[in-house]
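Peer 1: Numbered by my numbering, the letters in the sequence shown go through residues 15 to 113 in order.
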Amino acid sequence: MIASLGSINARLDALEAALHDENLVEAGRQLDALDAAQRNYLAGPSALFDVPGLASLQARQQRIMLFMMRQREGASRSGRDHRHPPRAAQARLCAESLS
């Protein structure tokens with residue numbers, strides 16, 4: 015079954031929710047599913063005809079990537095502050111694996 019922009023956006027919704035909940039295991043799963051859905055969609059015949067939809071998808075993905083980068087930077091700062099070292103170190107490692 016060929017993925018649609020709607021199914022890709024649903025994956026992005028799930029990824030965002032996992033990131034906001036700091037559920038990095040689920041975020042990793044959603045990234046894998048998102049990658050597979052995008053590859054599937056782009057291999058299909060209709061992918062090149064929806065330029066506005068693809069541009070919107072790209073902009074949304076960039077916003078999510080910026081959010082992930084801010085999370086990683088925040089975790090890095092927390093690790094340097096030594097206030098919450100175990101949690102900050104774990105968050106930093108997970109965020110690095112997501113990007």
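Note that CB positions come from ideal geometry on N, CA and C, so glycine has one too. In this text, all values refer to a predicted model and were calculated from it rather than measured experimentally.
Does DSSP classify Ile16 as helix, strand or coil?
Peer 2: On the sequence shown, residue 16 is found 2 positions in, with the first residue counted as 1. Reduced to three states, the DSSP call for Ile16 is coil.
Peer 1: Three or more C-beta pairs closer than 8 Å, one from the stretch 64-76 and one from the stretch 22-30: is that the case here?
Peer 2: yes
Peer 1: How about Leu33 and Leu48: do their beta carbons lie closer than 8 Å?
Peer 2: Within the sequence shown, residue 33 is the residue found at index 19, counting from 1. Within the sequence shown, residue 48 is the residue found at index 34, counting from 1. Not a contact, by the Cβ cut-off of 8 Å.
Peer 1: Taking 8 Å as the threshold (C-beta atoms), are Gln52 and Leu29 in contact?
Peer 2: Indexing the sequence shown from 1 puts residue 29 at position 15. Indexing the sequence shown from 1 puts residue 52 at position 38. At a Cβ-Cβ threshold of 8 Å, Leu29 and Gln52 do not count as neighbours.
Peer 1: Give every residue of the same chain whose Cβ lies closer than 7 Å to the Cβ of Gly67, excluding the five residues on either side of it in the sequence, and list them in chain order.
Peer 2: The residue given as residue 67 occupies position 53 in the sequence shown. So the list reads Leu19, once near-sequence residues are dropped.
Peer 1: Assuming Ile16 contacts Gly58 (C-beta within less than 8 Å), just tell me the rounded distance between them.
Peer 2: Position 2 of the sequence shown, counting from 1, holds the residue named residue 16. Position 44 of the sequence shown, counting from 1, holds the residue named residue 58. The Cβ separation is near 4 Å, so the contact holds.
Peer 1: With a CB to CB cut of under 6 Å and the five nearest residues on each side skipped, what residues in its chain are close to Glu40?
Peer 2: The count along the sequence shown starts at 1 and reaches residue 40 at position 26. So the list reads Ala32, once near-sequence residues are dropped.
Peer 1: Count the other CB atoms, across all protein chains shown, that sit within 10 Å of the CB of Ala89; report buried if there are 16 or more and exposed otherwise.
Peer 2: On the sequence shown, position 75 is the one that residue 89 refers to. Ala89 is buried by the Cβ-count criterion.
Peer 1: Three-state secondary structure (DSSP) at Gly58?
Peer 2: As a working mapping, residue 58 is identified with position 44 in the sequence shown. DSSP places Gly58 in the coil class of the three-state scheme, outside both helix and strand.
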